[in-house]
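There are 2 protein chains.
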Amino acid sequence: MFLSQQSRRQTHRVSAPRAAASTREKLVEAAGHVFAEHGYQATTVREIVKRSGANIAAVNYHFGDKLGLYTEVLQQSVRAARVDAINRALDQNAPPEDILRAVIRARLQSVAEPNLPDWHFRIMVHELVQPTPALSRVVNEVSRPLYKRLLELIGGIIDLPPKDEKTRLCAHSVMGQILVYVLAGPLLKQLWPELEMTPEQVDRIAEHIWDFSLAYLRQANSGDRRAIVSSRRGEK
Amino acid sequence: MFLSQQSRRQTHRVSAPRAAASTREKLVEAAGHVFAEHGYQATTVREIVKRSGANIAAVNYHFGDKLGLYTEVLQQSVRAARVDAINRALDQNAPPEDILRAVIRARLQSVAEPNLPDWHFRIMVHELVQPTPALSRVVNEVSRPLYKRLLELIGGIIDLPPKDEKTRLCAHSVMGQILVYVLAGPLLKQLWPELEMTPEQVDRIAEHIWDFSLAYLRQANSGDRRAIVSSRRGEK
DNA sequence: GTGAGATTCAAACTTTTGTTTCAGACTGTC
DNA sequence: GACAGTCTGAAACAAAAGTTTGAATCTCAC
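Those protein sequence lines, which keep their order, are chains B and X. According to this note's numbering, the first sequence holds residues -5 to 230 in order. According to this note's numbering, the second sequence holds residues -5 to 230 in order.
Written out as structure tokens, the structure reads:
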């Protein structure tokens, strides 16, 4: 049963990719939003089909089962995240500090537009908090390269090897500042009702994170590193 | 039905709090771990009772329903978090910079000991990512005061009002750096296998976050603030 | 020790949710 | 215009999970 549907799906995608793809695409689109909002477990296929306007059988017809649909959504997220503005920012030829600034902006900006496929990232976040069965591997495929490049970038700024502990801690500090807006968005909005994630506000936040981070990174780079630490106590 | 059980529970707690509390306590203990690991939706009461050794009816008998048990766990988390080391750190009489350092350490250290009731915080994190019905209010009760005090603390360091946008952004920067270890712990461990959250390592991480943050905060405090910004571009 | 209430237990019940079925509509081909 | 393959729709099915039941056991006051 399952296999025949899978093959049918394959046949479908090859033979009639234009018109019939509509329902399929609508499902992925709706599923992306719902999964991003509730996570995998808390999402029901009935909510997805209701939102997409499709019939409940469509999920199993096109994707085999709920996990198949989720896998498709996740793969699209990975693909989208990979070719995303982040890599474009990382690829540009510019001083490392400017690249870092562009990376922060790129990552944060996608939070501002809830209409557009921002759920790509939110889904990753859910994965991160509670991994689902078959896809920590998928997340890893996109997370590890990005992490690696971020380490290289920051290592370049503070003049340390990418794998140095200090480089990693700095990378985590930058990541954390961004993640808190993606993760704790709803909470922050409760604590700070005036917070509206307009493009202008997001720009200001990105600028702040850049300022905040560079205050340390520049200091760590300029000349003798131990001076910073030893101003407080001896280095380990 | 529900009310009669509730009243029975109340009676129970008053009349025989010692021996019979055992099952109840075991349930809360087990539920805390399971909820913290999987979140509310993905947790089954059967898993909880299996882990606690209790009968499946015990949950409904003692707490009315699954949400009642979860609420109890959450309230204990709130209570635990409230009297936690964080407030002790905030209450001490010391320079704001040292208090900040103590707060960072206190919050990060609880991550290091997974045996102890660390799930208090992890549950909050799950709440934060996907709020459950009846308790964003509860989270709010503990989050808002802590947030407020953090704003005052950081406002004190950079010499700005607590509600100033810049103060808030700085607070979020500090929060984010801590949260990333709580949230992304599993992922970070995959990306950086050598990462072991030993007490020593946690101390080093806490020191880094403090250094990293203070690099900006001190700079922001010292004299004219606009100098920092205008070194890049004009202030808004 | 007896009785009233509190607690536990195994089993059954109800709801939710993922999945399947199969009839019918659509689409493009000969 | 008939056919094959593709897709959709409403309903039914099955498994999982939350909840309830009622009898049995325990606790403790009298």
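Even glycine gets a Cβ: it sits at the ideal position worked out from N, Cα and C. Keep in mind it's a predicted model, so treat the numbers as computed, not measured.
Answer yes or no: does any C-beta atom of chain X fall closer than 8 Å to that of residue i?
i	result
B:W186	yes
B:G150	no
B:H114	no
B:A209	yes
B:S104	no
B:A178	yes
B:L163	yes
B:A25	no
B:I98	no
B:V39	no
B:Y141	yes
B:Q86	no
B:H56	no
B:L173	yes
B:L122	yes
B:S167	yes
B:I80	no
B:E190	no
B:I199	yes
B:P89	no
So what does DSSP say about residue i, is it helix, strand or coil?
i	result
X:D153	coil
B:Y55	helix
B:D205	helix
X:G26	helix
X:D92	helix
B:N87	coil
B:G293	Nothing can be reported for residue 293 of chain B: it is not among the residues displayed for chain B, which extend from -5 to 230.
B:A48	coil
X:P139	helix
X:V223	With a pLDDT of 45 at X:V223, under the threshold of 50, the modelled position of this residue cannot be trusted, and the question is left open.
X:E124	The displayed chain sequence assigns Gln, not Glu, to residue 124 of chain X. Coil, per DSSP.
X:T38	coil
B:L211	helix
Pick from the options: whose alpha carbon is nearest that of residue i?
i	options	result
X:R18	X:N215, X:V28, X:N54	X:N54
X:E41	X:F57, X:G58, X:L21	X:L21
X:G149	X:D205, X:A74, X:L211, X:V28	X:L211
X:R198	B:G179, B:S16, B:A178, B:C164	B:C164
B:H27	B:D59, B:S16, B:G170, B:V67	B:V67
X:L189	B:R45, B:K157, B:L185	B:K157
B:L102	B:Q195, B:A209, B:F206	B:Q195
B:D205	X:Q213, X:I203, X:V39, X:G170	X:Q213
B:I151	B:W113, B:H120, B:R95, B:A51	B:R95
B:V72	B:P187, B:V119, B:W186	B:V119
B:R143	X:L185, X:T37, X:Y64, X:P155	X:L185
B:N215	B:E201, B:G47, B:P155	B:P155
X:Y233	X:I80, X:L208, X:Y34, X:I172	Outside the shown range of chain X (-5 to 230) lies residue 233 of chain X, about which nothing can therefore be said.
B:E159	X:I203, X:D153, X:L173, X:T37	X:I203
B:P89	B:A200, B:L147, B:G62	B:L147
B:F29	B:H114, B:H56, B:R82, B:N87	B:H114
For residue i, would you say it is in contact with chain B, using Cβ-to-Cβ distances shorter than 8 Å as the test?
i	result
X:G170	yes
X:R138	yes
X:D205	yes
X:L181	yes
X:G33	yes
X:I93	no
X:A36	yes
X:L28	A small fix is needed here, since residue 28 of chain X is Val in this sequence, not Leu. Closer than 8 Å: no.
X:I117	no
X:S252	There is simply no residue 252 of chain X to check, as chain X begins at -5 and stops at 230 in what is shown.
X:I42	no
Just mark residue i as buried or exposed, buried being the case when its beta carbon has 16 or more other beta carbons within 10 Å.
i	result
X:T161	buried
B:D85	exposed
X:R12	With a pLDDT of 36 at X:R12, under the threshold of 50, the modelled position of this residue cannot be trusted; read the value that follows with caution. With fewer than 16 other Cβ atoms within 10 Å, it is exposed.
X:E135	exposed
B:R99	buried
X:I93	buried
X:D59	exposed
B:I50	exposed
B:S104	buried
B:S167	buried
X:S46	buried
B:T37	buried
### Task
Taking only runs that begin and end inside the stretch 165 to 201 of chain B, name each unbroken alpha helix (DSSP H) of 4 or more residues, in chain order.
Fully enclosed alpha helix (DSSP H) runs of 4 or longer: 179 to 185.
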